[in-house]
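A short write-up of the structure that comes next.
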Amino acid sequence: MANDPFQPVGPILLLDDISGSQMRLAAMFIMPAGDVPGPLTLAEGTAQPERIADFDRASVWRARFALPADRASSYGWGGREYEVAGDMTGDLRLAYVSCNGEEVGDMDREGSERNVMWSRLRDEHRRVPFALMLHGGDQVYADEVTQGHPLTEDWPDRLPADPTAEQLADLHRHLRERFFDRYAALYAAPELAWLSARVPSLMQWDDHDICDGWGSLRTERTRSDIGQTLFHAAREAFLLFQHATTEGDLPARFADPAGAHLGWSVAAGDLRILAPDLRGERTRRRIMGPGGWSMMQDQARATTGGHTMLMSSVPLLGPRMSILETVMLAIPSMQKYEDDLRDQWQSRAHRDEWRRMLGLVRDMAEAPGHRLTTLSGEIHLATRAVMRLSDGHAMHQLVASGISHRAPPKAWARFLGMLSWLGEDPLPRHPIAIRTLPGQRHRYAAERNFLVLDRHGADWSAVWHLEHSGPTPPLPLD
3 MANDPFQPVG PILLLDDISG SQMRLAAMFI MPAGDVPGPL TLAEGTAQPE
53 RIADFDRASV WRARFALPAD RASSYGWGGR EYEVAGDMTG DLRLAYVSCN
103 GEEVGDMDRE GSERNVMWSR LRDEHRRVPF ALMLHGGDQV YADEVTQGHP
153 LTEDWPDRLP ADPTAEQLAD LHRHLRERFF DRYAALYAAP ELAWLSARVP
203 SLMQWDDHDI CDGWGSLRTE RTRSDIGQTL FHAAREAFLL FQHATTEGDL
253 PARFADPAGA HLGWSVAAGD LRILAPDLRG ERTRRRIMGP GGWSMMQDQA
303 RATTGGHTML MSSVPLLGPR MSILETVMLA IPSMQKYEDD LRDQWQSRAH
353 RDEWRRMLGL VRDMAEAPGH RLTTLSGEIH LATRAVMRLS DGHAMHQLVA
403 SGISHRAPPK AWARFLGMLS WLGEDPLPRH PIAIRTLPGQ RHRYAAERNF
453 LVLDRHGADW SAVWHLEHSG PTPPLPLD
């Protein structure tokens, strides 16, 4: 693949921010080295792309521009007109996806099989357009980028001792190019390319955007020179390919312009989309660091009327994983799954932090005239949960995972369903319960899926699109 002629990719729309009646956008292009993308044509003038990163075979370009946030509009590029739904003021539709890949052999999968759910999402947009596309984590599965270099060939099981500065620089170049290969291949897929040119995306990262279990691996791995080289290469790629930006140039929606954490929020009328960073400050003992908590506390204090969509890449409401964790860690052959369990909010290691987050989210959800819905991915299953609130309402969690990752065995889904019967009550008087999707018999649906969120007037509803079962009946988010 690396020796094939590189084909241009783009435009790919990313939402920088929403300001008043304007949707501030970035159009990203991945062009063969030496090629320059032409300007975007707008209702008033043009927008010229600028080069923001170079790789061996190609360069990344970005054009920043604005379109109306109160009506549909369009832009032109390469002799083609691209319609953008754009109206955030009335009835609107949002798409939510996660887990776009697999841990092993993802780049070798046959395209039409891999992207069948992307094809259906494209059909949904053609039927009724989406204003935004929310990506809830694991947009790329980078687990294999460490292969092919002597310092990381056996990552994370073995680390060569005392690598030199030259070896680490060579590793950084290797990782940087491998991340590029994966992102470029994903965006070149016809189904995603078509959608990405017409629907602005908002993205939140998870572990596979770095490597499997990042933050839950042993500290001597993640804090090593090799681990930090991997993290910084992944972070640069995340900013470039998921936000069309670079260090020191973050869009206004990010809470920390310096990028110590990469949490962000967007507000459009009475809709707020809130995405804390659950990976950038993560360690084995914490999910968020000082910057992330400061952002969440500020957002809680700022909560007024309307509806918040809170993106939590790892499900916030879940079954009693601590019991499973205790059993599995007592069995030597199962201890290899410790990192997977430690990744969850429900892990014993994060119990106090989980309660803290639930308390903040509860306070936001109980603010007068306000509703809050949590959107999650990560588990390669579709499910939902509710947490009872003091005012008699329930806070909904909607889990949609994955858009291309094949589902685990149905037996695993049934086992999680049985575990969920135990219930969970981390906050007194606010019990959590796992519920079935509308029209489904079991609490976890073992099918590839995506989620559609509809607002009609002031009322929101959710529909899961399941690979084999089809769309669910709408779930009111009251």
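Numbering (my numbering), first residue to last: 3 to 480.
Glycine included, each C-beta is placed from N, C-alpha and C at the ideal position.
In angstroms, rounded to a whole number, what distance separates the CA positions of residue i and residue j?
| i | j | result |
| --- | --- | --- |
| I228 | R160 | 11 Å |
| G320 | S203 | 27 Å |
| Q348 | G379 | 15 Å |
| V268 | P162 | 43 Å |
| R344 | R26 | 37 Å |
| M336 | T285 | Low per-residue confidence applies at M336: pLDDT is 42, beneath 50, and the placement is therefore not dependable enough to give any value. |
| L439 | P478 | 12 Å |
| F182 | D19 | 25 Å |
| W462 | E222 | 45 Å |
| G472 | P39 | 39 Å |
| R357 | V401 | 20 Å |
| A45 | A68 | 10 Å |
| R225 | R288 | 15 Å |
| A367 | L374 | 5 Å |
| L312 | T376 | 5 Å |
| P253 | V11 | 22 Å |
| D427 | A28 | 43 Å |
| A199 | W79 | 10 Å |
| M90 | G250 | 29 Å |
Between residue i and the rest of its own chain, which residues show a CB-CB distance below 8 Å, the 5 nearest in sequence each way excluded?
| i | result |
| --- | --- |
| S23 | P70, A71 and D72 |
| G294 | H263, G265, P278, D279, L280, G282 and E283 |
| V388 | L319, A396, M397, H398, Q399, I434, A435 and R437 |
| L177 | V147, T148, H151, T154, T231, L232, A235 and A236 |
| E52 | W63, R64 and A65 |
| D164 | none |
| D93 | D456, R457, H458 and G459 |
| G441 | S471, T474 and P475 |
Can you say whether residue i is buried or exposed, counting buried as having 16 or more other CB atoms within 10 angstroms of its CB?
| i | result |
| --- | --- |
| V130 | exposed |
| T306 | exposed |
| Q230 | exposed |
| G217 | buried |
| G261 | buried |
| W466 | buried |
| G1 | Given that the chain is displayed from residue 3 to residue 480, the structure contains no residue 1 and the question cannot be resolved. |
| H458 | exposed |
| D211 | buried |
| H309 | buried |
| K338 | The pLDDT assigned to K338 is 45, lower than 50, so where the model puts this residue is not dependable, and the model offers no usable value. |
| Q141 | buried |
| Q346 | buried |
| D354 | exposed |
| L16 | buried |
| L424 | exposed |
| R184 | buried |
Here's a check: name, in chain order, each residue in its chain whose Cβ is nearer than 7 Å to the Cβ of residue i, leaving out the five neighbours to either side.
| i | result |
| --- | --- |
| Q169 | L153 |
| R180 | V147 |
| L188 | N102, V142 and L194 |
Could you check where the beta strand (DSSP E) with residue i kicks off and where it finishes?
| i | result |
| --- | --- |
| F452 | N451 to H458 |
| M311 | G308 to M313 |
| I405 | I405 -> no beta strand (DSSP E), and no H or E assigned at all. |
| H372 | H372 to S378 |
| P51 | First-last for P51: undefined, no H or E at that position. |
| R482 | Given that the chain is displayed from residue 3 to residue 480, the structure contains no residue 482 and the question cannot be resolved. |
| S61 | A60 to P70 |
| P152 | P152 -> no beta strand (DSSP E), and no H or E assigned at all. |
| Q24 | Q24 to P34 |
| L204 | S203 to M205 |
| R274 | L273 to A277 |
Considering residue i, what are the terminal residues of the alpha helix (DSSP H) in which it resides?
| i | result |
| --- | --- |
| S422 | K412 to S422 |
| D125 | V118 to R129 |
| G361 | R353 to A367 |
| P292 | P292 to R303 |
| I228 | D227 to H245 |
Skipping 5 residues on each side, what residues in its chain have a beta carbon closer than 6 Å to that of residue i?
| i | result |
| --- | --- |
| L173 | H151, L153 and T231 |
| M3 | Residue placement at M3 cannot be trusted, given a pLDDT of 45 that sits under 50; the coordinates are not used to answer. |
| Y446 | L383, T385, A415, L418 and G419 |
| P317 | S378 and V401 |
| I275 | V268 and M311 |
So is the beta-carbon of residue i under 7 Å away from any non-hydrogen atom of the ligand COA?
| i | result |
| --- | --- |
| P411 | Although the ligand COA was asked about, the structure shown includes no ligands whatsoever. |
Determine which residues share a DSSP beta bridge with residue i and list them.
| i | result |
| --- | --- |
| L96 | L134 and L455 |
| L468 | N451 and G472 |
| Q9 | The partner list for Q9 (beta bridge, DSSP) is empty, contrary to what the question assumes. |
| E85 | S76 |
| D56 | S61 |
| D251 | Per DSSP, none; premise fails for D251. |
| F256 | W266 |
| L17 | L27 |
| I436 | A387 |
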